[in-house]
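Everything on this sheet refers to the single structure shown next.
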Amino acid sequence: MGGTNSKTLPPPPSDATTDGGTATSSSNGSSPSDFSAVEQALDITLNVLLLYGTYVCVQYLYKSYKPMIEDMYLSKDTASKLKKRLAESKRATITMNHYESIIAADLVDPADLHVTFADIGGLDAQKRDLHELVVLPLQCPDFFATSKLLSVPKGILLYGRPGTGKTLLAKAIAKESGAFFINLKISTLMSKWFGESQKLVKAAFSLAKKLSPCIIFIDEVDSFMGARSGGASDPTYNSMKTEFLALWDGFADTTAPDAGGFGVIVLGATNRPADVV
């Protein structure tokens with residue numbers, strides 16, 4: 001118009017918006033919907049990883065605690081069976097804790113044994129000695145507990161070459177005396193949990209005392225009490241062995257009259273007596 005200078009402004013670029021002073025650039029070709037899809041994918045991936053990690057942890061915990069769960073169910077079943085056997089044999093019912101129930105899985109009722117000294121050929125001198133040293137004290141514990149002239153051994157070691165009747169003699173002792181027979185296995189005592197092995201050792205002696213007369217039998221005792229056991233490098237094995245020896249030595253108190261008399265004996269069998277220390 002007349003002398004008025006007018007300037008023509010260029011149109012705004014197609015990828016910019018000037019609405020209220022806000023400019024949004026999409027020069028990289030991304031849109032808000034693209035960012036939302038990436039976030040959803042990351043969220044799904046994290047959830048999948050979280051679920052997988054939870055699954056792995058649950059599997060690990062299950063495998064770790066599965067033996068304890070199995071022992072728990074086994075101990076309950078063993079306790080019910082033992083209660084029934086005690087009732088059938090007209091013995092007093094006992095109360096067992098969890099560890100004693102585990103040991104009771106290795107318990108043999110004398111009624112289930114079918115071997116006596118008469119069934120074993122030869123070994124006449126050994127059978128006579130075992131009858132005097134073991135069978136009679138188990139049959140008449142009160143008499144031996146009150147007599148100062150008679151001494152009762154803390155344990156008996158049966159040794160000889162394989163197949164000479166060591167285990168058979170131990171079972172015959174249980175049958176002749178009517179004593180319960182705990183066939184104690186080292187695998188039963190061993191546990192990967194700290195302190196559990198010592199509790200199982202203590203349970204073996206406490207259960208034997210409750211069931212007295214009772215025999216604790218350890219086959220191949222040299223693997224447990226011997227120099228070749230390899231326990232020197234295993235603190236758990238050493239502590240278990242120490243606990244066993246301490247409890248065994250303390251069982252001399254059961255010869256006192258107020259302790260119910262003598263009724264528990266430890267029998268060991270080995271074909272390498274020189275290795276037993």
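Numbering-wise (the UniProt record's numbering), the sequence shown opens with residue 1 and increments by one.
Even for Gly, the Cβ is constructed at its ideal location relative to N, Cα and C.
**Request:** Classify ASN97 as helix, strand or coil using the three-state DSSP reduction.
**Result:** If DSSP states are grouped into helix, strand and coil, ASN97 belongs with coil.
**Request:** Taking 9 Å as the cut-off, decide whether the C-beta atoms of ILE186 and SER239 are in contact.
**Result:** Going by C-beta atoms, ILE186 is not nearer than 9 Å to SER239.
**Message:** In this structure, how does DSSP classify CYS140 when only helix, strand and coil are distinguished?
**Reply:** The answer is coil: DSSP assigns CYS140 none of H, G, I, E or B.
**Prompt:** Considering only the beta carbon of each residue, do ALA170 and ALA269 sit closer than 9 Å?
**Reply:** Inclusion of ALA170 and ALA269 in the CB contact set at 9 Å is warranted, their separation being smaller than that value.
**Asked** For CYS214, which residues of its own chain have a beta-carbon under 6 Å away from its beta-carbon, when the five flanking residues on both sides are left out?
**Response** Here the set comprises ALA179, PHE180, ALA208, VAL264.
**Request:** Starting from ILE173, trace the alpha helix (DSSP H) both ways and give me its first and last residue.
**Result:** ILE173 -> alpha helix (DSSP H) spans 166–177.
**Item:** C-alpha distance - LEU133 paired with GLN59, whole-angstrom precision
**Value:** Those two C-alpha atoms are separated by around 53 Å.
**Message:** Can you look up LEU158 in the DSSP assignment and give me helix, strand or coil?
**Reply:** If DSSP states are grouped into helix, strand and coil, LEU158 belongs with the strands.
**Request:** Quick one: give me the first and last residue of the beta strand (DSSP E) that ASP219 is part of.
**Result:** Here the beta strand (DSSP E) through ASP219 covers 214–219.
**Prompt:** What is the C-beta distance between LEU123 and GLY165, in whole angstroms, given that I count them as a contact (C-beta under 8 Å)?
**Reply:** About 7 Å; that satisfies the 8 Å criterion.
**Item:** Own chain, CB closer than 6 Å to PHE244, minus 5 neighbours either side, in chain order
**Value:** Same-chain partners within the cutoff: VAL201.
**Asked** Would VAL115 count as contacting chain C if we go by Cβ distances under 9 Å?
**Response** Although the question refers to chain C, the structure presented lacks it and comprises just one protein chain.
**Asked** Do you know how far the Cα of CYS57 is from the Cα of VAL266?
**Response** So the two alpha carbons sit approximately 44 Å from each other.
**Request:** Give the straight-line distance between the Cα atoms of TYR55 and LEU61, rounded to the nearest whole angstrom.
**Result:** In a straight line, the C-alpha of TYR55 is about 10 Å away from that of LEU61.
**Asked** Among TRP248, LYS210, SER212, which has the Cα closest to the Cα of residue 283?
**Response** In the structure displayed, the chain extends from 1 to 277; residue 283 sits before or after that span and is not available.
**Request:** Measure the C-alpha to C-alpha separation of ASN47 and ALA37 and round it to an integer number of angstroms.
**Result:** The alpha-carbon atoms of ASN47 and ALA37 are separated by roughly 15 Å.
**Item:** Residue range of the alpha helix (DSSP H) that includes LEU113
**Value:** Counting along the chain, LEU113 falls outside any alpha helix (DSSP H), and DSSP gives it neither H nor E.
**Message:** Report the CB separation of GLU100 from ALA246 in whole angstroms; it is logged as a contact under 8 Å.
**Reply:** 18 Å between Cβ atoms; not a contact.
**Message:** Check for me: the beta strand (DSSP E) holding ARG269 runs from which residue to which?
**Reply:** The identity of residue 269 in the sequence shown is Ala, whereas the question assumes Arg. Note, ALA269: beta strand (DSSP E), 264–270.
**Message:** Can you tell me whether LYS127 is buried or exposed? The criterion is at least 16 other CB atoms within 10 Å of its CB, across all chains shown.
**Reply:** The C-beta of LYS127 has 16 or more other C-beta atoms within 10 Å across all chains shown, which makes the residue buried.
**Exposure of ALA174, with buried meaning 16 or more beta-carbon neighbours within 10 Å** = Within 10 angstroms of the beta-carbon of ALA174 lie 16 or more other beta-carbons, which makes it buried.
**Item:** Rounded straight-line distance, which links the Cα of LYS63 to that of ALA41
**Value:** Using only the alpha carbons, I get a separation of about 33 Å.
**Contacts around PHE194, its chain only, beta-carbon distance under 8 Å, and the 5 residues preceding and following it disregarded** = THR236, listed in sequence order.
**Message:** Quick test of your reading: PHE143 and VAL152, contact by CB under 8 Å. State the CB separation rounded to the nearest angstrom.
**Reply:** So it is not a contact: roughly 11 Å between Cβ atoms.
**Prompt:** Count the other CB atoms within 10 Å of the CB of ILE44; is the residue buried (16 or more) or exposed (fewer)?
**Reply:** In the assembly as shown, ILE44 is an exposed residue. Its beta-carbon has fewer than 16 other beta-carbons within 10 Å.
**Prompt:** For THR167 versus ASP129, is the C-beta spacing smaller than 9 Å?
**Reply:** No, Cβ-Cβ distance for THR167 and ASP129 is not below 9 Å.
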